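Colleague: Heads up: the sequence shown begins at 938 in the numbering used here, then just goes up one per residue. Every residue gets a Cβ at the ideal spot worked out from N, C-alpha and C, and that includes glycine. Just so we're clear, the structure is a prediction, and the values are computed from it rather than from any experiment. This is the structure I want to talk about, given as structure tokens.
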Amino acid sequence: MRLTPEEWIQKKEQIYLPLCQGGLGIPFFRHIAPAALVGYGAQTLAAVRGRLTDQSFATPTQSDFTGLHWVKRVAQAYTDCRGGVQRELGQNHIPRVLQSEWGERIDDFLIHERGEMQHLMIEALHLVRREQLLNALSPPGKARLKSCSGTGASAWLTAMPSSGWTKISPTLFTTAVRLRLGLPIPEIKRNPICACGATLDHEGQHAQTCGTGGGVWWRHEQMKDAFCSLLQGLRHCYVTREPTFGQLGLSTPTRLVNERQKRPDFLAGLPSGDTVLGDVAVTHPFSIDANRLRRFAKTAGSAAKAMEKVKNDRYGEICHEIGFRFVPLVFETYGRPGEGTIRFLKEIAKLGAGRVRGGEGDEAVQTRLMDRYYKVLSCTLQRFVAANLLCSIHSRRGTRGPFQPECLLGREVAAFSGSFDSEGAN
């Protein structure tokens, strides 16, 4: 990941968080050791009790175990974990796995085999560390961490580069990781001037929204292509790109001419018989408006929700008038999808499962399809978020778009653009 020792120390609290909580999923033994010890104790107590109760001469009770040295160590680890979580989250928000005192918990261990105990306790400990990290972050940092921890936001970190859709070049992967961790981008430090002439911040906030140079437009186009590719993989599904509302039957007398010329990103006829108009958007969970920034920092997914409202206000009424369903397909730049996007992906995963014999109602098939959809979309998003940021750096630009022959990172971008194949977006 090309992190310096100082950067690793600075960001280690986020690095050690699981992917679902906005981290990199790298385990740190010192953090999870108490949970591992309690999990071991739970399994051992249940196994010993089960073997002894089968013997006619043995009738063990709780007191027979509590005096053992290793049980005392397990009890101490459990008590310490429970106390730490309770201090950080409060009694009302303590996870159910840690709500009981040790005396009640050991009785449960002696009766039931709790194989999931370690996993549940590790989740609780990670939750505490995430709350501690959030309390220490600034509003932009809080918004970033919450955006990174959404459903499917981390799929690019677990995707195999098996096709053009899921390949990310080393330069872009490193940049995407640095964006996720909130670290400065070295290329911006060397040349901190945007193509629009503005000074770039080292974390790349300006570059995510600046339209100069075509990077934001290109990012949008690639996400649109990714969605169209997923839909074209369904059986009996047709996709038309960028139809105008005039072409779709919006009558001139009731609408202004400019409304007839509005064009959503695609029209899709689904195998279910439903016709959907979709419009893709990528929004950045950062704002110079303090009120908006506080909202992004307080509520996860609020940036995507706000953009969904903008899209619904723009297209929803018109689509209803011509009899089509409108779906806003919104992602935040750090990877978090909007609620409408998640619902739509679940819908097409259910339809896609019909291509597998007996898979129409198979939740396992639908789960695998959802995983694939998230990885394709997540890799595409992070690849072009990073490319947009790097190519926003001021340089000589002979043509429109982010792939410039003489840009600052010409070698890296050329290698990146050549990494696509016929399965990719370009």
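1) So who's on the other strand from L913, going by DSSP bridges?
2) Which term fits F1046, buried or exposed, when burial requires 16 or more other beta carbons within 10 angstroms of its beta carbon?
3) Is it right to say I963 is buried, meaning 16 or more other beta carbons lie within 10 angstroms of its own, or is it exposed?
4) Please classify E1254 as buried or exposed, where buried requires at least 16 other C-beta atoms within 10 Å of its C-beta.
5) I need the boundaries of the beta strand (DSSP E) containing R1262, first residue and last residue.
6) Quick one: what does DSSP say I1059 is sitting in, helix, strand or coil?
7) Which full runs of the alpha helix (DSSP H) of 4+ residues lie inside the segment 1106–1187, going along the chain?
8) Give every residue of the same chain whose Cβ lies closer than 7 Å to the Cβ of E1025, excluding the five residues on either side of it in the sequence, and list them in chain order.
9) To the nearest angstrom, how far is the alpha carbon of G1291 from that of V1176?
10) Taking the alpha helix (DSSP H) that Y1310 belongs to, which residues open and close that run?
11) How many angstroms separate the CA atom of Q1023 from the CA atom of M1058?
12) Please confirm whether K1083 and A1234 have their CB atoms less than 9 Å apart.
13) Looking at the unbroken alpha helix (DSSP H) that takes in F1233, where does it start and where does it end?
14) Taking DSSP's pairing of strands, which residues face V1219 in a bridge?
15) Looking at C-alpha atoms only, which residue of R1127, I1122 and T1146 is the closest neighbour of C1133?
16) Distance, Cα to Cα, M1307 vs A1286?
17) Check whether the Cβ atoms of F1203 and L1314 lie closer than 9 Å to each other.
18) G1021 lies in the alpha helix (DSSP H); which residues open and close that run?
19) Going straight from the alpha carbon of Q951 to that of S1329, what length do you get?
20) So for P942, helix, strand or coil by DSSP?
21) For R1280, does the count of other Cβ atoms within 10 angstroms reach 16, so buried, or fall short, so exposed?
22) Do the CB positions of Y953 and A1090 come within less than 9 Å of each other?
23) For P1274, which three-state DSSP category applies?
24) Taking Cβ to Cβ, would you say C1316 is nearer than 9 Å to A1092?
25) To which residues of the same chain is T1103 closer than 7 Å at the C-beta, ignoring the five residues directly before and after it?
26) Should E943 be labelled buried (16 or more other beta-carbon atoms within 10 Å of its own) or exposed?
27) For L1167, collect the residues of the same chain with a Cβ closer than 7 Å to its Cβ; drop the 5 residues on either side in sequence, then sort them by chain order.
28) Give me the residue from L1327, Q980 and G960 with the minimum Cα distance to H1056.
29) Using beta-carbon positions only, say whether V975 and V1011 come within less than 9 Å of one another.
30) Report the rounded CA-to-CA distance for G1119 versus G1101, giving the unit in angstroms.
31) Can you give me the Cβ contacts of D1216 inside the same chain, cut-off strictly under 7 Å, excluding the 5 residues immediately before and after it?
32) How many Å lie between I1125 and G1141 at the Cα?
33) When you compare only the Cα positions, how much space is there between G1277 and G1021?
34) Just verifying my parser: in three-state terms, what is the DSSP assignment at F965?
35) Assign A1241 to one of two classes, buried (16 or more other C-beta atoms within 10 Å of its C-beta) or exposed (fewer than that).
Modeller: Result, derived from the coordinates:
1) The chain is shown only over 938 to 1363; residue 913 falls outside these bounds and no answer can be derived.
2) To locate residue 1046, count along the sequence shown from 1; it is residue 109. Looking at its Cβ environment, which holds 16 or more other Cβ atoms inside 10 Å, F1046 is buried.
3) Taking the first residue of the sequence shown as position 1, residue 963 is located at position 26. When all chains shown are included, I963 counts as exposed.
4) Position 317 of the sequence shown, counting from 1, holds the residue named residue 1254. By the neighbour-count rule (16 or more Cβ atoms within 10 Å), E1254 is not buried but exposed.
5) As a first step, residue 1262 must be located in the sequence shown, where it is residue number 325. From DSSP, the beta strand (DSSP E) with R1262 extends over R1262 to E1269.
6) The residue given as residue 1059 occupies position 122 in the sequence shown. I1059 falls in the helix class under three-state DSSP.
7) 1107–1118, 1123–1127 and 1152–1169
8) Locating residue 1025 in the sequence shown gives position 88, counting from the first residue. Answer for E1025: V1065, E1068 and Q1069, listed in chain order.
9) Numbered from its first residue, the sequence shown carries residue 1291 at position 354. Numbered from its first residue, the sequence shown carries residue 1176 at position 239. Each residue's alpha carbon lies about 19 Å from the other.
10) Counted from its first residue, the sequence shown places residue 1310 at position 373. Its alpha helix (DSSP H) spans residues E1300 to C1328.
11) Numbered from 1 along the sequence shown, position 86 holds the residue referred to as residue 1023. Numbered from 1 along the sequence shown, position 121 holds the residue referred to as residue 1058. Rounded to whole angstroms, Q1023 to M1058 spans 13 Å at the Cα level.
12) As a position in the sequence shown, residue 1083 is number 146, starting the count at 1. As a position in the sequence shown, residue 1234 is number 297, starting the count at 1. Yes, Cβ-Cβ distance for K1083 and A1234 is below 9 Å.
13) Locating residue 1233 in the sequence shown gives position 296, where the first residue counts as 1. Run containing F1233: A1227 to K1235, per the alpha helix (DSSP H) assignment.
14) Taking the sequence shown and counting its residues from 1, the one referred to as residue 1219 is at position 282. According to DSSP, which records beta bridges pairwise, V1219 is partnered with F1268.
15) Indexing the sequence shown from 1 puts residue 1133 at position 196. Ranking R1127, I1122 and T1146 by Cα distance to C1133 puts T1146 first.
16) As a position in the sequence shown, residue 1307 is number 370, starting the count at 1. As a position in the sequence shown, residue 1286 is number 349, starting the count at 1. One C-alpha to the other measures close to 6 Å.
17) Counting from one through the sequence shown, the residue named residue 1203 turns up at place 266. Counting from one through the sequence shown, the residue named residue 1314 turns up at place 377. Against a cut-off of 9 Å, the Cβ pair of L1314 and F1203 comes out as no contact.
18) Locating residue 1021 in the sequence shown gives position 84, where the first residue counts as 1. Residues H1006 to L1026.
19) Walking along the sequence shown from the start, residue 951 turns up at place 14. Walking along the sequence shown from the start, residue 1329 turns up at place 392. Their Cα atoms are separated by approximately 27 Å.
20) Your numbering for residue 942 matches position 5 in the sequence shown. If DSSP states are grouped into helix, strand and coil, P942 belongs with the helices.
21) Translated into positions along the sequence shown, residue 1280 becomes position 343. Per the 10 Å Cβ criterion, exposed.
22) The residue given as residue 953 occupies position 16 in the sequence shown. The residue given as residue 1090 occupies position 153 in the sequence shown. It is not a contact, given that the beta carbons lie outside the stated cut-off.
23) Residue numbering aside, residue 1274 sits at position 337 when the sequence shown is read from its first letter. Reduced to three states, the DSSP call for P1274 is strand.
24) Locating residue 1316 in the sequence shown gives position 379, counting from the first residue. Locating residue 1092 in the sequence shown gives position 155, counting from the first residue. The answer is yes: Cβ separation under 9 Å.
25) To locate residue 1103, count along the sequence shown from 1; it is residue 166. These residues qualify, in order along the chain: A1096, M1097, K1312, V1313 and C1316.
26) Sequence index remark: in the sequence shown, residue 943 carries index 6 (1-based). Counting Cβ neighbours within 10 Å, E943 comes out exposed, since fewer than 16 surround it.
27) Along the sequence shown, read from residue 1 onward, the residue named residue 1167 stands at position 230. Excluding residues within five positions, the ones whose Cβ falls inside 7 Å are I1285, Y1310 and V1313.
28) As a position in the sequence shown, residue 1056 is number 119, starting the count at 1. Per the Cα distances, Q980.
29) Within the sequence shown, residue 975 is the residue found at index 38, counting from 1. Within the sequence shown, residue 1011 is the residue found at index 74, counting from 1. A contact, by the Cβ cut-off of 9 Å.
30) Taking the first residue of the sequence shown as position 1, residue 1119 is located at position 182. Taking the first residue of the sequence shown as position 1, residue 1101 is located at position 164. The alpha-carbon atoms of G1119 and G1101 are separated by roughly 27 Å.
31) Residue 1216 sits at position 279 when you count from the first residue of the sequence shown. Contacts found: P1201, D1202, K1248, Y1252, P1265 and L1266.
32) Counting from 1 along the sequence shown, the entry for residue 1125 is found at position 188. Counting from 1 along the sequence shown, the entry for residue 1141 is found at position 204. Roughly 8 Å separates the two Cα atoms.
33) Mapped onto the sequence shown, residue 1277 falls at position 340. Mapped onto the sequence shown, residue 1021 falls at position 84. Near 37 Å, if we compare the C-alpha coordinates of G1021 and G1277.
34) Here residue 965 refers to the residue found at position 28 of the sequence shown. Three-state result, F965: coil.
35) Numbered from its first residue, the sequence shown carries residue 1241 at position 304. Label assigned to A1241: buried.
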